[in-house]
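Engineer: Residue 0 is where the sequence shown starts when you use numbering that gives the first Met the number 0, and the numbers rise one by one after that. By construction, the Cβ of each residue, glycine as well, lies at the ideal position given by its N, Cα and C atoms. Bear in mind that the values here come from a model prediction, so they are computed numbers and not experimental data.
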Amino acid sequence: MTRRTGSSLVILALGLVGLRTAFVGIGSAARGSNRVAMEAERKFIVGGNWKANGSPDSVKALIEELNAGEVTSKDVEVVCAPPFVFLSEVQGALRKDYSVAAQNLWDKDPGAWTGETPAQMLSDMGIKWVILGHSERRENCGETSQIVAEKTKFAVDKGLSTLTCIGEKLDARESGKTFDVLDEQLKPLADILSEDDWEKVVLAYEPVWAIGTGKVATPEQAEETHAYIRKWLADNVSEKVSESVRIQYGGSVNDKNAAELGQQPNIDGFLVGGASLKGGAFTTIINSV
Ligand code: PGA
Numbered sequence: 000m001t002r003r004t005g006s007s008l009v010i011l012a013l014g015l016v017g018l019r020t021a022f023v024g025i026g027s028a029a030r031g032s033n034r035v036a037m038e039a040e041r042k043f044i045v046g047g048n049w050k051a052n053g054s055p056d057s058v059k060a061l062i063e064e065l066n067a068g069e070v071t072s073k074d075v076e077v078v079c080a081p082p083f084v085f086l087s088e089v090q091g092a093l094r095k096d097y098s099v100a101a102q103n104l105w106d107k108d109p110g111a112w113t114g115e116t117p118a119q120m121l122s123d124m125g126i127k128w129v130i131l132g133h134s135e136r137r138e139n140c141g142e143t144s145q146i147v148a149e150k151t152k153f154a155v156d157k158g159l160s161t162l163t164c165i166g167e168k169l170d171a172r173e174s175g176k177t178f179d180v181l182d183e184q185l186k187p188l189a190d191i192l193s194e195d196d197w198e199k200v201v202l203a204y205e206p207v208w209a210i211g212t213g214k215v216a217t218p219e220q221a222e223e224t225h226a227y228i229r230k231w232l233a234d235n236v237s238e239k240v241s242e243s244v245r246i247q248y249g250g251s252v253n254d255k256n257a258a259e260l261g262q263q264p265n266i267d268g269f270l271v272g273g274a275s276l277k278g279g280a281f282t283t284i285i286n287s288v
C-alpha cells in the first residue's frame, strides 16, 4: 500500500472511498481528513473460506467461474482459502490477482508430525495467507485464544499473512458480553505480536451466531463492534496499529448484503463462507465495495 501525506492523500482518498466517506463521522476538518486517509490506506480485503467443501469437479468449476469473473475495482484484495488437498491445484490455476490461503497450519517446523501441515510447507509452495482461529476450529478442535495467538505469531515469523478470526457466540451477544469475549480473544494477540507483526495480520470479526445461519449482523451491529475492536487496539497496542489493521466482517455475507455492510467506515473487508462457493456471487461481493 502506498503511503502518502498531506492534501494529495486526501484527494486520493476521497476518490477511492467514494460513498464510504458519507459514513465517516467528521468531528473536525483535520480529524476527518485523517480518518478518510486511514480508510483509504486500509485496502479492502475479501476472503473466501471454502471450509471443508468441494470435490475435484466442483473445485475445477469454481476456479473457472472465479477466473471468468470481471473485477471492476482495483482497490480490493482477494484471498481464496480452499481445503488443504486442493491448495496446490488452486494455487496453480486460480487467476494471479487473487491470493490463496490455507485454513490452518501447524506451528512447528517440518518433521515428525503425522497429519499436520507446517507453516514452512505453505510458504515454500508460495502460499501467502492462512486463516487462523476460525470459530469452527475454536469450537471443534480445542483452539484457545492463546493457541490462536501463538499460531498467528508463528505464521507471521514464517512470512505468512493471517486472517485471524475472533467473534462471540449468541449467548455472549444476548447477555451483553460481546466486548468481554473480544477482549479475551484479543489480549493474547496483543501480548505476543510486535507492532511490525501486525502489518501481516488481518482481523476477521465473525459473530458465531451469524456464521452459516443466514442471520447477518446489521451494519450498525457490525460497525459498533469493529469500532470497539479498533479502539481496543489503540488502547492496548498502539494508535498506528489501530489505524492500519484491517478488520473484516464475516457471517452470512452475500451478494445482496455486502454493499451496505461495506460502507461502514470500520469494515475493511469480508470473510465469506457459503457465498464464496458460488463464483458469480463471490465476484459480486468483491465488486460491491
Ligand atoms: P458464512 O461463513 O459466510 O457461510 O456465514 C463465514 C465464515 O465462517 O467465515
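Counting pairs of Cβ atoms below 8 Å between the segment 111-129 and the segment 88-101, do you hit three or more?
Structural biologist: They touch, by the three-pair rule.
Engineer: The ligand PGA heavy atoms versus the CB of Leu202: any closer than 7 Å?
Structural biologist: Not under cutoff, so the answer is no.
Engineer: Would you say Thr163 and Val200 are within 8 Å of each other, going by their C-beta atoms?
Structural biologist: Yes. Within cutoff.
Engineer: Excluding five sequence neighbours on each side, which residues of the same chain lie with their C-beta closer than 7 Å to the C-beta of Phe153?
Structural biologist: Answer for Phe153: Asp106 and Ala118, listed in chain order.
Engineer: What ranges does the beta strand (DSSP E) occupy inside the segment 47-116, keeping only unbroken runs of at least 3 residues that lie completely in it?
Structural biologist: Complete beta strand (DSSP E) runs here, min 3: 75-80 and 97-101.
Engineer: Could you check which residue in Ser275, Asp234 and Asp195 has the C-alpha nearest to that of Gly53?
Structural biologist: Ranking the options by Cα distance to Gly53, first place goes to Ser275.
Engineer: What is the rounded straight-line gap between the Cα of Asn253 and the Cα of Asp234?
Structural biologist: So the two alpha carbons sit approximately 33 Å from each other.
Engineer: Evaluate Gly279 with the Cβ neighbour count: other Cβ atoms within 10 Å of its Cβ, from every protein chain shown; 16 or more gives buried, anything less gives exposed.
Structural biologist: Looking at its Cβ environment, which holds fewer than 16 other Cβ atoms inside 10 Å, Gly279 is exposed.
Engineer: Just reading off the alpha helix (DSSP H) that Gly249 is part of, what are its end residues?
Structural biologist: First-last for Gly249: Ile246 to Gly249, but that is the beta strand (DSSP E), not the alpha helix (DSSP H).
Engineer: Can you name, in chain order, every residue of its own chain whose Cβ lies under 7 Å from the Cβ of Lys239, other than the five neighbours on each side?
Structural biologist: Around Lys239: Glu194.
Engineer: Just to check my reading of the structure: Val78 and Trp128 have Cβ atoms closer than 8 Å, yes? What is that Cβ distance to the nearest angstrom?
Structural biologist: Confirmed, about 5 Å.
Engineer: Within a Cβ cutoff of 7 Å, which residues of the same chain sit near Val45, ignoring the five residues on either side of it in sequence?
Structural biologist: Hits under 7 Å: Val75, Val77, Gly268, Phe269, Val271, Ile284 and Ile285.
Engineer: Looking only at DSSP bridge pairs, what is Thr161 linked to?
Structural biologist: According to DSSP, which records beta bridges pairwise, Thr161 is partnered with Val129 and Val200.
Engineer: Within 10 Å of its beta-carbon, does Ser27 have 16 or more other beta-carbons around it, so buried, or fewer, so exposed?
Structural biologist: A caution first: Ser27 carries a pLDDT of 34, below 50, which makes its placement in the model too unreliable to give a value.
Engineer: Given a cut-off of 8 Å on the beta-carbon distance, is the pair Gly141 and Ile165 in contact?
Structural biologist: No; because the gap between Cβ atoms is not below 8 Å, this pair is not in contact.
Engineer: Is Val58 buried or exposed, if buried means 16 or more other CB atoms sit within 10 Å of its CB?
Structural biologist: Counting Cβ neighbours within 10 Å, Val58 comes out buried, since at least 16 surround it.
Engineer: DSSP on Gly273, reduced to helix/strand/coil?
Structural biologist: Residue state, collapsed to three classes: helix.
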